Amino acid sequence: TLDPSASRLRDATAGDAARLAEIYNPYVRDTVITFEEEPVATAEMARRVAEVTARWPWLVAEREGRVVGYAYA
26 TLDPSASRLR DATAGDAARL AEIYNPYVRD TVITFEEEPV ATAEMARRVA
76 EVTARWPWLV AEREGRVVGY AYA
């Protein structure tokens with residue numbers, strides 16, 4: 026079972042972009058649940074993080090120092 030207390034939430038940064046793309050891109054490539062047709066490059070994900078966090082929250086969940094999930098407004 027997963028222990029929620031083993032995870033930590035924090036604000037996302039552009040430095041998280043590669044891991045965010047790694048989490049997101051399988052959904053782009055292998056499913057129809059996004060409107061995107063091409064995987065998102067790290068630089069584009071960093072741009073999106075910067076754009077969103079200028080106004081709204083973008084959170085990442087970390088477990089043992091590794092980003093394991095995210096949510097944004």
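In this note's numbering, the protein residues as written are 26 to 98. Where a beta carbon is used, it is the ideal one built from N, C-alpha and C, also for glycine. Since the model is a prediction, treat every value here as computed from it, not as a measurement.
Beta-carbon proximity of residue i to residue j, cut-off 8 Å
i, j, result
"Ala46", "Thr67", "yes"
"Val74", "Ala39", "yes"
"Arg88", "Ser30", "no"
"Ala96", "Met70", "no"
"Gly94", "Ile48", "yes"
Secondary structure of residue i, DSSP reduced to three states
i, result
"Gly90", "coil"
"Arg80", "coil"
"Asp41", "helix"
"Asp55", "helix"
"Val65", "coil"
Cβ-Cβ separation, residue j to residue i (assumed contact under 8 Å), whole Å
i, j, result
"Trp83", "Asp36", "7 Å"
Residues bridged to residue i (per DSSP)
i, result
"Ala96", "Leu84"
"Arg33", "Glu87"
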